[in-house]
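In this note's numbering, each number is its position in the sequence shown, counted from 1, plus 1099.
Where a beta carbon is used, it is the ideal one built from N, C-alpha and C, also for glycine.
It should be emphasised that the depicted structure is a prediction, and the values quoted were computed from it without experimental measurement.
Following: one structure in structure tokens, then a few remarks.
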Amino acid sequence: MTSNVIAAFFDLDGTLYTGHIWKAITQHHRLHRKKLPFLVFFLATHLAPWPLAKVGLLDKERHIIRWGENMAGLVGGFSRQEAQRLFQWIWDHDVAHSLHLEAMSTLRWHQEQGHQVVLVSGTFQELLEVIAQGLGIPHAVGTSLEVRGERYTGRIVPPFCFGPYKVQRTKEFLETTGWEIDFASSFAYADTIYDVPFLESVGNPVAVCPDEELLAYARQRGWPVMGLPKSD
């Protein structure tokens, strides 16, 4: 057991990464002609209702969860090797070129201080591991994908790593490390109001390019804000 470990937990989409994973997968599938009927169905049933969720006519949180869970269908039927090629393509062609520079500089500072840096996101675990490797981060906590017979089923293994479940999945990971985390001295970085449980799990929360709700919450509590707030 390693005691008094200071950790820095980083969200991905909107925090370290300025893009969106679903857009990167969409770009890949269109370019490589992969799962186009399902892609059209997914976008029609998830992207089209988004304006209604934004104005409160649909439950926004429930819509985000449904979106994250159903994204697994975009790799449904893929072999592990096919999925790995997709995940590497996303890093090489999108994520590596769309990083938040100030957040990345902060991440490197934590590494220089000897802090344990962990990437935590609703993104697929296997994809998150590829991204973490590209970023030079040894630890990643994401959403598990269901596999049967060496192929992805198109479903996740619940829970989707989002909201309070992001805290749960992080704690489950930490139990495997042998670290005794000093949570009061540790850091967390995220961008949406749904990340509040994740941010409040440490003594040093930072709102990165926050949405309107998180910006107000952070200001009320005196949290640091990094980068420009989101415009929508």
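Same chain, Cβ closer than 6 Å to residue i, five either side skipped, listed in chain order
i: Thr-1222; result: Leu-1111, Ile-1120, Gly-1241
i: Arg-1184; result: none
i: Phe-1108; result: Val-1217, Val-1219, Ala-1287
i: Thr-1323; result: The question names Thr, but residue 1323 is Pro in the sequence shown. Closer than 6 Å at the Cβ level, and outside the excluded window around Pro-1323, lie Val-1305.
i: Tyr-1264; result: Pro-1258
i: Ala-1239; result: Leu-1218, Leu-1227, Glu-1228, Ala-1231
i: Tyr-1293; result: Gly-1262
Between the CA atoms of residue j and residue i - distance to the nearest angstrom
i: Lys-1270; j: Lys-1329; result: 29 Å
i: Leu-1200; j: Thr-1114; result: 10 Å
i: Ser-1284; j: Gln-1215; result: 12 Å
i: Leu-1262; j: Asn-1169; result: Residue identity differs from the one stated: residue 1262 is Gly in this sequence, not Leu. The straight-line gap from Cα to Cα measures roughly 17 Å.
i: Met-1203; j: Phe-1141; result: 32 Å
i: Leu-1314; j: Asn-1303; result: 16 Å
i: His-1171; j: Ile-1163; result: A quick correction: the sequence has Ala, not His, at residue 1171. So the alpha carbons of these two residues sit roughly 13 Å apart.
i: His-1131; j: Ala-1147; result: 23 Å
i: Thr-1291; j: Ser-1178; result: 33 Å
i: Gly-1118; j: Ser-1197; result: 6 Å
i: Val-1174; j: Ala-1152; result: 25 Å
i: Val-1266; j: Leu-1138; result: 30 Å
i: Ala-1317; j: Val-1301; result: 14 Å
i: Met-1325; j: Thr-1205; result: 10 Å
i: Arg-1254; j: Val-1246; result: 8 Å
i: Phe-1297; j: Arg-1161; result: 18 Å
i: Gly-1176; j: Pro-1136; result: 14 Å
Environment of residue i [buried if 16+ CB atoms lie within 10 Å]
i: Ala-1195; result: exposed
i: Trp-1166; result: buried
i: Arg-1268; result: buried
i: Pro-1309; result: buried
i: Asp-1158; result: exposed
i: Leu-1327; result: exposed
i: Thr-1275; result: exposed
i: Val-1256; result: exposed
i: Val-1104; result: buried
i: Val-1154; result: exposed
For residue i, the residue or residues it bridges with in DSSP
i: Thr-1242; result: Phe-1223
i: Asn-1303; result: Phe-1286
i: Thr-1291; result: None, per the DSSP bridge assignment.
Same chain, Cβ closer than 7 Å to residue i, neighbours up to 5 away in sequence not counted
i: Phe-1186; result: Glu-1225, Leu-1226, Val-1229
i: Gly-1248; result: none
i: Thr-1101; result: Gly-1277, Trp-1278, Glu-1279
i: Ile-1236; result: Val-1216, Leu-1218
i: Ala-1182; result: Val-1174, Glu-1225, Tyr-1251
i: Phe-1282; result: Ser-1300, Val-1301, Gly-1302
i: Gly-1213; result: none
Residues near residue i by beta carbon distance below 8 Å, same chain, minus five either side
i: His-1127; result: Lys-1133, Leu-1185, Trp-1188, Ile-1189, His-1192
Segments assigned beta strand (DSSP E), at least 3 residues, entirely inside the segment 1256-1284:
1278-1280
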